[in-house]
Structure formats: structure tokens, C-alpha cells
Amino acid sequence: MNDRQEIPEVLARYVQALEERDGDALAALFAPDGEFQVFSRYGREEYVALDADVVGHDALRAMMKSGALPPGRGMHYLTTDHIVAITGDAATLRAQFVVVESNASPRPENGWPAGADLMQGKLALIMIGYYESCLRKIGGSWLFTRHQVKHSLPMAIPVKS
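Each residue of the sequence shown is one higher than the last, beginning at 94 in the working numbering.
Shown next as C-alpha cells:
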């Protein structure tokens, strides 16, 4: 696999780690001092950094533990339009994302009734935006040195002062 294929695969592994809430898998995709940053914006205004920066493997693992989902709830991250630029052992990646939340209906004790729909639960589109990432090839693997999540809608998280 060449670098141009490996870099979007890092993002694919990132979204799968988010979906599985796997802090170890997520941290393994970042350089030891890699940064995770969150931004949001209103309409076409500039992105505003939120007080949610996470730096380093231990902090990334802790972030995943603090974001545990209740039973029956899932998040599914879809990415598209990957733009990769490579200069030696450094690269940038920009991609769009959409997040779909799934909320499963509780399974009845006696099983689903005859005639029940195949899928039991609800889906909702909850986030859209861009990933803007810097990566470096370290020990033969591409790792995030900075990964920015830029939400295209405002978020109810305190803004950095």
C-alpha cells in the first residue's frame, strides 16, 4: 500500500475506534504528543476553538472513557472527499464527515413480535463538518500529530477565552 492509500486508512481506523469507543486503538493512531482539537462555527463564520484540546496517549484514552455511550446507543462516522498532500514524511489530510446516531429499541423479553420491522430503533443525523489533520511517518507508520474536528454547526461547549 502506498502513502496516498495509507493516510486515509488512518482516518478510517480513527472513526472505527470512535465507533467502538476503543481508547487504545484511538491513541495508537496518534504520535506520543499528538493533539486532538475541536472547533465549531455558526453558519459561514470562522471556526472557533472549543476548550476540548487533548494531547498525548493517556489523555486520548481518558477522553474515550469519559465519552461512554449508554446501552443501545451508537455513533457511526462516515467520511468522504479525502484530500491528501504529502511532503516527505509529513502529510495533511482534509475530509468531510457526517455522524449518524443509532438508538436501538430494547429487545422484549419474549423476543420481537411477529410482523415486527427488521430494524428496531431510530437513526438521526447529528453532526457534520470537516477533519483537518497533520500526520507524520514515524517508525514506518503514518500517525496524527494534530487532528482537528471542525463541526459545521455551533456546539454547546464553553469557548476558550
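We put the CB at the ideal spot given by N, CA and C, even for glycine. The model shown is predicted, which means the values in this text are computed figures rather than measured ones.
Take residue i as the anchor and find which of the options has the nearest alpha-carbon.
i      : options                        : result
ILE221 : LYS230, ALA207, HIS169         : HIS169
GLN98  : ASP117, VAL242, TRP235         : TRP235
ARG154 : ASP146, ARG137, GLY116, LEU162 : GLY116
ASP151 : ARG229, SER245, LEU111, ALA120 : ALA120
HIS146 : PRO101, ALA197, PHE132         : Here residue 146 turns out to be Asp, not His, going by the sequence shown. Nearest option by C-alpha distance: PHE132.
LEU104 : GLY165, LYS158, ARG166, PHE190 : PHE190
ALA183 : SER245, ASN203, LYS230         : LYS230
MET156 : GLN130, THR238, ALA188, LYS215 : GLN130
GLU112 : VAL148, ALA178, GLY167         : GLY167
ALA178 : LEU228, ARG114, PRO206, ALA110 : LEU228
VAL148 : ALA110, ASP126, LEU162         : ASP126
SER159 : ALA249, HIS244, SER245, ARG114 : ARG114
Per the DSSP calculation, residue i is bridged to which residue(s)?
i      : result
TRP235 : LYS230
GLU225 : ARG187, GLN241
SER195 : GLY167, LEU216
ALA178 : THR185
SER159 : According to DSSP, which records beta bridges pairwise, SER159 is partnered with nothing at all.
GLU128 : VAL148, ARG239
Below 9 Å between beta carbons: does that hold for residue i and residue j?
i      : j      : result
GLU128 : LEU186 : no
ASN196 : GLY165 : yes
LEU216 : GLU194 : yes
Write down the C-beta distance between residue i and residue j rounded to the nearest angstrom, noting that I regard them as a contact closer than 8 Å.
i      : j      : result
VAL192 : ILE219 : 5 Å
ARG106 : ALA124 : That pair is no contact at about 15 Å.
PRO247 : TYR140 : With 8 Å as the limit, PRO247 and TYR140 do not qualify as a contact, their Cβ atoms being about 10 Å apart.
PHE237 : LEU122 : 6 Å
Spatial neighbours of residue i within its chain, please: CB distance less than 6 Å, with the 5 preceding and 5 following residues excluded, ordered by chain position.
i      : result
GLN213 : SER198
HIS175 : PRO101, ALA188
HIS240 : PHE129, SER226
For chain B, find out if any of its Cβ atoms is closer than 9 Å to the Cβ of residue i; answer yes or no.
i      : result
PHE129 : Absent here is chain B; the protein component of the structure consists of one chain.
Ignore the nearest five residues each way along the sequence and tell me which others in residue i's own chain have a CB closer than 7 Å to its CB.
i      : result
SER245 : ARG134, ILE221, GLY222
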